[in-house]
Structure formats: structure tokens, C-alpha cells
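A.B. asks: In my numbering, the protein residues as written are -6 to 386.
Ideal Cβ positions, reconstructed from N, Cα and C, are used throughout, including at glycine.
As the structure is a prediction and not an experimental result, all values here were calculated from the model.
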Amino acid sequence: QSFGDTNRPNKQFFQMIEDFRETLEVLPLSPSDTVEAHRICVCVRKRPLNHKEIDVVTIPGNGRLLVHEPKQKVDLTKYLDNQVFHFDYSFDESSTNDLVYRFTAKPLVQTIFDGGMATCFAYGQTGSGKTHTMGGDFSGKSQNSAKGIYALAAQDVFTLLKQRRYSSQDLCPYVTFFEIYNGKVFDLLNKKAKLRVLEDEKQQVQVVGLQEMYVSCAEDVIKMIEMGSACRTSGQTSANANSSRSHAILQVILRRRNQLHGKFSLVDLAGNERGTDVSSNDRQTLVETAEINRSLLALKECIRSLGMDSHHIPFRMSKLTQVLRDSFIGENSRTCMIAMVSPGMASCDYTLNTLRYADRYTQTHEWIVSILLLIFSGKCFLCISILVIEQRN
């Protein structure tokens, strides 16, 4: 059956979405478009549609994304709530990993050569394409690790290392790859050895025992990615039979005479499920979900504080933000978040949750204004309440 078939229950919604799309001017992102410099860059990527889904997400371009949320009135009249979100860049379902990389992680590679810290996160619902984007294209169950953001960043690091201005600087590249599962840290390059996270007297966070592997070419990094990815903790959820249940962090580190020069952290975050949405009600799955959501909330608070240029970054709220502390602290740090969304009607609530999470970062200054307005209106309300109580007494 096609979606236009009159026997399909959602045919009317399908037609309403198609009609609305015809009114839009579409300007997809092109490789020739200018890459702008951002200290915090927030992007969104729509995964391709499965053949049985109705597509409720449209990306017209210019960083915009629309969600056509199907609604029904009390009298059963169907209508669409067309919600618009704005990002630095928006990638439609035809975008390749190469295009996404060009506008997200690629501009951050230079940061680590300049002695800074760079971080790139992939965030979204299970099955929305995070591991595909970070780790590489899938063909069946096999993954082409050379076509993910991990490997593309590594290739650019080695390209820059060969340039004359850096080849004389005695910079040595290393790689670490670890996961955070249920608040515990495991080394994916050392048989999942359990690691401790400690803060020294200089307030530097150390992952004790984490193996830094020297790498001499991008192919070495790809081997590490394949080795580490095979060890990563996964489990079953309602959206994915083999869902990543941990945060995976690949770090490309530059050292100069054994001293840290720059670090690029590439983070494939665990899926942002709700406790009621996991397929199994067993205790382990519910504990996993609670811990994942707690760490995602902590990450949101840290990036929000970073966007406000706050003096206090609450990185101690979770292991995830603790191990990424040096990405949040310091003048020369740059962050990119790629929010992944599933376009199907059944995923509409999850998609809106992901977009609202990511939209908070792009709207930082507007958010400050709205909070101030809320505070002022709250104070006014409080004063009125007190006056009413006093008069009644």
C-alpha cells in the first residue's frame, strides 16, 4: 500500500503534509556554501525515511526544520501543528556524512592545532542515526568506519600534521576510546578495563589507567574505531534491537614533548529514551535509561552555561561532563552538537523532545531574556499574593 492509498488511516495527514510542502521554498545546504565560525555550533540531521513511515519532518534549508505534528480537535477534525526550529545548519535526508562533517566537526580540527579543546556530540533518539554519523555508513550489519565523522576528523588531523607549519612543531598524535555505561568508565581499547575518574589538586580531571595509543596514520585510527566499537555496550529498546546503551568517546590528542597541546573529543551519546518508552520493564534497562537521561541533563546544563559565558560550569553533575571538563573550561574551546531526528510520524514526540533539547542552545540569549521575564513576572505575582493574604488577615 502506498501512503496515498484511501484505505490508509493516516492518508489525510499525509496529503495535508504534502500540500503544505508545496508552499515551501527549499534551499538545501551545498558543499560550496560558506562555513561560518561558531564557538558553539548546533545542527540538526534528518535520517532517511523507512518505507513504511509517513514523513513529518521537512528541512527547507537556511538552518530551518519543520515538524508537521498531526493533531485532532474535539470534533475529530484533523489538522497539522507546523512547528519551526532554527539551527546553525540543517541537513536533510539526502546529506552525506562528508557534507555533515564539512559544516560540523571539520572546522573544529584547527582548534586542537591552535592549542585548544574541541568537542563534537551526536545526540538523539535510538535509531535516529547517531552511530551511523559518528562511526560510519552501514551496509547491512557491517559498518564502513572510514566514512564516519571519527575517521574523517582523523584524516584531517594527519593532513595538517604533514603541513610545513606543523611538521616542525614536534606534535605527536594519540587516540583514546572509552565508554561511559551506568556512570562507570570502561576502556574500549583495553578489553573494557574499568577506569577511575579523579580530580587532582589543580582541578584537572584524570581518567586513571586510560590507554593513549600512539597513531601514525588515519588507518591506525580506523582500526582503533573498529576495535572499540565492537566492544561497546548495547541492548534492546523499542526503537532498535541493537541500541547503544552507553556514551562512546573517541579522543584525538596532540602532545608536544609529552605535554598536552590539544584534544578533540568526538562523542556518540546514548539514545535519549524516556523511562516509559523502553520495550523491556526489567530493572537493568530502567536503571540504564535513568542514568543516560541524568547525564544528558547534566550535559545540557554545561553547554547552556558555556553559551552564557557563565563563570560556573556544573561539570561535576555526571561522569560524562566530568571527563569532558577541559572541553567546557578554557578560552580556546569549541563545541558542536548534531541533533539527529527520525522523520516518521510514530517518532514525532521523540523528535520534538530532541529538537527542544538542542533548540535551547541556539536560543541561549533569547532563553536568558525569557527567564528574566519569568523571574520578574514571578516576583510581581509573589508581591500580589502577599498583599492579598495581608488584606485578608
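Let's see if you can read the secondary structure: which residues bound the alpha helix (DSSP H) around Phe308?
C.D. replies: The residue given as residue 308 occupies position 315 in the sequence shown. No alpha helix (DSSP H) holds Phe308; DSSP gives it neither H nor E.
A.B. asks: Taking just the CA atoms, how far does Glu194 sit from Gly56?
C.D. replies: As a first step, residue 56 is located in the sequence shown; it is residue number 63 there, counting from the start. As a first step, residue 194 is located in the sequence shown; it is residue number 201 there, counting from the start. Straight-line Cα distance between these residues: approximately 43 Å.
A.B. asks: Following a CB-centred definition, is Leu203 positioned closer than 7 Å to any heavy atom of the ligand GTP?
C.D. replies: Questions concerning the ligand GTP fall outside what the structure shown contains, since it holds no ligand whatsoever.
A.B. asks: Run through the DSSP bridge pairs and tell me what Pro63 is partnered with.
C.D. replies: Reading the sequence shown from its first residue, position 70 is the one you call residue 63. Its beta-bridge partners are Leu73.
A.B. asks: Find the nearest neighbour of Ser23 within the set Ile47, Glu192, Arg14, Phe84, judged by alpha-carbon distance.
C.D. replies: Here residue 23 corresponds to residue number 30 of the sequence shown, with the count starting at 1. The candidate whose alpha carbon is nearest that of Ser23 is Phe84.
A.B. asks: From Gln197 to Ser311, what does the alpha carbon distance come to, in whole angstroms?
C.D. replies: Sequence index remark: in the sequence shown, residue 197 carries index 204 (1-based). Sequence index remark: in the sequence shown, residue 311 carries index 318 (1-based). For Gln197 and Ser311, the distance between alpha carbons rounds to 15 Å.
A.B. asks: Would you kindly work out how many angstroms separate the C-alpha atoms of Ser88 and Gln277, rounded to a whole number?
C.D. replies: For this step, residue 88 is matched to residue 95 along the sequence shown. For this step, residue 277 is matched to residue 284 along the sequence shown. Their Cα atoms are separated by approximately 36 Å.
A.B. asks: Report the three-state DSSP secondary structure of Pro53 (helix, strand or coil).
C.D. replies: Reading the sequence shown from its first residue, position 60 is the one you call residue 53. It is a strand residue.
A.B. asks: Would a check of beta-carbon distances place Gly141 closer than 8 Å to chain C?
C.D. replies: In the structure shown, chain C cannot be found, because there is only a single protein chain.
A.B. asks: Check whether the Cβ atoms of Val60 and Val49 lie closer than 8 Å to each other.
C.D. replies: Taking the first residue of the sequence shown as 1, we reach residue 60 at position 67. Taking the first residue of the sequence shown as 1, we reach residue 49 at position 56. Contact flag set, yes.
A.B. asks: If you compare alpha carbons, which of Leu191, Thr124, Arg297, Arg309 is closest to Ile242?
C.D. replies: For the purposes of this step, residue 242 is taken as the residue at position 249 of the sequence shown. Considering only alpha carbons, the answer is Thr124.
A.B. asks: Locate the beta strand (DSSP E) running through Ser393, then write down its first and last residues.
C.D. replies: Nothing can be reported for residue 393: it is not among the residues displayed for the chain, which extend from -6 to 386.
A.B. asks: Helix, strand or coil for Arg248? Go by DSSP, reduced to three states.
C.D. replies: Here residue 248 is taken as the residue at index 255 of the sequence shown, counted from 1. The answer is strand: DSSP assigns Arg248 an E or B state.
A.B. asks: If you check the beta carbons only, do Leu191 and Gln199 fall under 8 Å apart?
C.D. replies: Residue 191 sits at position 198 when you count from the first residue of the sequence shown. Residue 199 sits at position 206 when you count from the first residue of the sequence shown. Closer than 8 Å, so yes.
A.B. asks: Within the same chain, show all residues whose beta-carbon is closer than 7 Å to that of Gln458, passing over the 5 residues directly before and after it, in chain order.
C.D. replies: Absent from the structure is residue 458, since the part of the chain shown begins at -6 and ends at 386.
A.B. asks: Measuring straight from C-alpha to C-alpha, what distance separates His305 and Ser298?
C.D. replies: As a first step, residue 305 is located in the sequence shown; it is residue number 312 there, counting from the start. As a first step, residue 298 is located in the sequence shown; it is residue number 305 there, counting from the start. Straight-line Cα distance between these residues: approximately 7 Å.
A.B. asks: CB-CB under 8 Å to Cys165, same chain, minus the five flanking residues each way: which ones, in chain order?
C.D. replies: On the sequence shown, position 172 is the one that residue 165 refers to. Excluding sequence neighbours, Cys165 sits near Tyr207, Leu247, Arg248, Arg249.
A.B. asks: In chain order, what residues of the same chain have a beta carbon less than 7 Å from the beta carbon of Leu313, not counting five sequence neighbours either side?
C.D. replies: Here the question's residue 313 lines up with position 320 in the sequence shown. Cβ neighbours of Leu313 beyond the five flanking positions: Ile173, His240, Ser288, Ala291, Leu292.
A.B. asks: Between Glu29 and Ile218, what straight-line distance do the alpha-carbon atoms span, to the nearest angstrom?
C.D. replies: One-based indexing of the sequence shown puts residue 29 at position 36. One-based indexing of the sequence shown puts residue 218 at position 225. Cα to Cα, Glu29 sits roughly 29 Å from Ile218.
A.B. asks: Comparing alpha-carbon positions, which option in Phe78, Lys66, Arg309, Phe179 lies nearest Leu348?
C.D. replies: Along the sequence shown, one-based indexing puts residue 348 at 355. Ranking Phe78, Lys66, Arg309, Phe179 by Cα distance to Leu348 puts Phe78 first.
A.B. asks: Less than 8 Å between the beta carbons of Asn90 and Ile142, yes or no?
C.D. replies: Counting from 1 along the sequence shown, the entry for residue 90 is found at position 97. Counting from 1 along the sequence shown, the entry for residue 142 is found at position 149. Yes, the pair counts as a contact, with Cβ atoms nearer than the cut-off.
A.B. asks: Given a cut-off of 8 Å on the beta-carbon distance, is the pair Phe114 and Val260 in contact?
C.D. replies: Start at 1 with the first residue of the sequence shown, and residue 114 comes out as number 121. Start at 1 with the first residue of the sequence shown, and residue 260 comes out as number 267. Yes; because the gap between Cβ atoms is below 8 Å, this pair is in contact.
A.B. asks: By Cβ distance below 6 Å, which residues in the same chain neighbour Val280 in space, the five residues on each side in sequence not counted?
C.D. replies: Looking up residue 280 in the sequence shown gives position 287. Cβ within range, chain order: n/a, list empty.
A.B. asks: For Leu42, which residues from the same chain have a beta carbon less than 8 Å from its beta carbon, with the 5 sequence-adjacent residues on both sides left out?
C.D. replies: Numbered from 1 along the sequence shown, position 49 holds the residue referred to as residue 42. Cβ neighbours of Leu42 beyond the five flanking positions: Asp48, Glu86, Pro336, Gly337.
A.B. asks: Note down the Cα distance separating Cys396 from Ala111, rounded to an integer number of angstroms.
C.D. replies: The requested residue 396 is not part of the displayed model; the chain covers only -6 to 386.
A.B. asks: Following the continuous alpha helix (DSSP H) through Phe96, name the residue where it begins and the one where it ends.
C.D. replies: Counting from 1 along the sequence shown, the entry for residue 96 is found at position 103. Element bounds for Phe96: 90 to 96.
A.B. asks: What residue range does the alpha helix (DSSP H) around Asp213 cover?
C.D. replies: Indexing the sequence shown from 1 puts residue 213 at position 220. Element bounds for Asp213: 211 to 224.
A.B. asks: Going along the chain, which residues of its own chain have a beta-carbon closer than 6 Å to the beta-carbon of Lys45, five neighbours each way excluded?
C.D. replies: Start at 1 with the first residue of the sequence shown, and residue 45 comes out as number 52. Within the same chain, Lys45 has no close Cβ partners at all.
A.B. asks: Classify Glu192 as helix, strand or coil using the three-state DSSP reduction.
C.D. replies: Here residue 192 corresponds to residue number 199 of the sequence shown, with the count starting at 1. Strand.
A.B. asks: When the Cα of Gly255 is compared with those of Gly300, Glu324, Phe171, which residue comes out closest?
C.D. replies: Along the sequence shown, read from residue 1 onward, the residue named residue 255 stands at position 262. With distances taken between Cα atoms, Gly255 lies closest to Glu324.
A.B. asks: How many angstroms separate the CA atom of Ala339 from the CA atom of Val102?
C.D. replies: For the purposes of this step, residue 339 is taken as residue 346 along the sequence shown, with counting starting at 1. For the purposes of this step, residue 102 is taken as residue 109 along the sequence shown, with counting starting at 1. Taking the straight line from one Cα to the other gives about 37 Å.
A.B. asks: Would Cys210 be called buried (16 or more neighbouring beta carbons within 10 Å of its own) or exposed?
C.D. replies: Counted from its first residue, the sequence shown places residue 210 at position 217. Its Cβ having fewer than 16 others within 10 Å, Cys210 is exposed.
A.B. asks: What does Tyr116 pair with, by DSSP beta-bridge criteria?
C.D. replies: On the sequence shown, residue 116 is found 123 positions in, with the first residue counted as 1. Its beta-bridge partners are Ala332.
A.B. asks: Scan the segment 148 to 192 and note each continuous alpha helix (DSSP H) run of 4 residues or more that stays entirely inside, going in chain order.
C.D. replies: For the segment 148 to 192, whole alpha helix (DSSP H) runs of length 4 or above, ordered along the chain, are 157 to 160.
A.B. asks: Just tell me which of Met333, Leu17, Val168 has its CA closest to the CA of Gly120.
C.D. replies: Here residue 120 refers to the residue found at position 127 of the sequence shown. Among Met333, Leu17, Val168, the Cα nearest to that of Gly120 is on Met333.
A.B. asks: Is the beta carbon of Val93 less than 8 Å from the beta carbon of Thr126?
C.D. replies: Translated into the one-based positions of the sequence shown, residue 93 becomes position 100. Translated into the one-based positions of the sequence shown, residue 126 becomes position 133. Taking 8 Å as the Cβ cut-off, Val93 and Thr126 qualify as a contacting pair.
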